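Student: Residues 1 to 159 (this note's numbering) make up the sequence shown, in order. Below is the structure I would like to discuss, written out as structure tokens.
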Amino acid sequence: MDSKIISIEKKYLVGKKIEMSLVESLTPILWKSFVPKIGSISNRVSTEKISLSVYPLDYFQNFNPNRKFIKWAGVEVSSVMDLPEGMEVLEIPAGLYSVFLYKGSVAESGPFFEWIFRDWFPKSGYDLDNRPHFELLGDKYINDDPSSEEFVYIPIKPR
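Structure follows, in structure tokens:
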């Protein structure tokens with residue numbers, strides 16, 4: 001699996017969020033409440049959707065699948081004016097990301113993420129940075145489909 005290192009500019013996400021854990025995933029509920037509202041969001045940058053996670057500072061050092069984090073369902077916008085009712089804004093800070101292409105269903109993604117954290121990071125020359133992690137869901141993303149494709153953005157900083 002290849003990755004590419006990119007630097008992103010600050011981005012603004014408009015969407016909905018929920019606190020959850022990996023064991024008690026509320027992702028389907030979050031997306032079900034968000035998708036019907038997408039058309040009411042103005043100033044969208046693209047048709048892509050963003051699934052984003054904000055983890056506590058030591059989440060990965062003290063990993064526990066029952067530990068809570070914040071999950072977002074959203075879209076990138078060029079302006080945060082005229083927010084639809086019930087929507088919130090998150091600023092994604094500028095910084096370095098390692099971007100991976102993931103092919104497959106979300107249910108089968110465990111080994112992919114395990115490879116990133118157990119194999120890729122130790123050999124990479126980078127450490128995990130404390131910024132949001134996100135997946136860019138474009139035209140080739142098909143929910144729960146083995147042929148689905150998405151880009152996974154992991155925040156990094158030089159060692």
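Quick reminder that beta carbons are idealized off the backbone N, C-alpha and C, glycines included. A quick note: this is a predicted structure, and the numbers were derived from the prediction, not measured.
So L181 and G74 are supposed to be a Cβ contact under 8 Å. How far apart are they, rounded?
Tutor: Coverage of the chain is limited to positions 1 through 159, which leaves residue 181 absent and any answer about it impossible.
Student: Who pairs with R44 in a beta bridge, going by DSSP?
Tutor: Bridge partners of R44: V77.
Student: Pull up the DSSP beta-bridge partners for I154, would you.
Tutor: Paired residues: S98.
Student: Which first and last residues belong to the beta strand (DSSP E) in which F134 is found?
Tutor: Looking at the DSSP string, the run of the beta strand (DSSP E) that includes F134 is 133-137.
Student: Would you check if the distance between the CB atom of K71 and the CB atom of K17 is smaller than 8 Å?
Tutor: Their beta carbons are under 8 Å apart, which means K71 touches K17 by this criterion.
Student: One question on the structure: do S148 and S109 come within less than 8 Å of each other, judged by their Cβ atoms?
Tutor: In this structure, S109 does not lie closer than 8 Å to S148 by Cβ.
Student: So what's I116 in DSSP terms, helix, strand or just coil?
Tutor: DSSP places I116 in helix when its eight states are reduced to three.
Student: Kindly give me the distance between the Cβ atoms of M20 and L13, rounded to whole angstroms, as I take these residues to be in contact under 8 Å.
Tutor: Rounded, the Cβ-Cβ distance is 17 Å, inconsistent with contact.
Student: Taking Cβ to Cβ, would you say D2 is nearer than 8 Å to S42?
Tutor: Their beta carbons are not under 8 Å apart, which means D2 does not touch S42 by this criterion.
Student: Since E88 and G15 are thought to touch, with beta carbons under 8 Å apart, how far apart are those beta carbons, to the nearest angstrom?
Tutor: The Cβ separation is near 7 Å, so the contact holds.
Student: Please classify F60: does DSSP put it in a helix, a strand, or coil?
Tutor: F60: coil per DSSP, three-state reduction.
Student: Please go through the same chain and pick out, in chain order, the residues whose beta-carbon is closer than 8 Å to the beta-carbon of P146, but skip the five residues on each side of it.
Tutor: Excluding sequence neighbours, P146 sits near G104, S105, E108.
Student: If you draw a straight line from the alpha carbon of V230 to that of L128, how long is it in whole angstroms?
Tutor: As displayed, the chain neither begins before 1 nor continues past 159, which places residue 230 out of reach and without an answer.
Student: Please go through the same chain and pick out, in chain order, the residues whose beta-carbon is closer than 6 Å to the beta-carbon of Y153, but skip the five residues on each side of it.
Tutor: Excluding positions up to five away in sequence, the list reads Y97, V99, F134.
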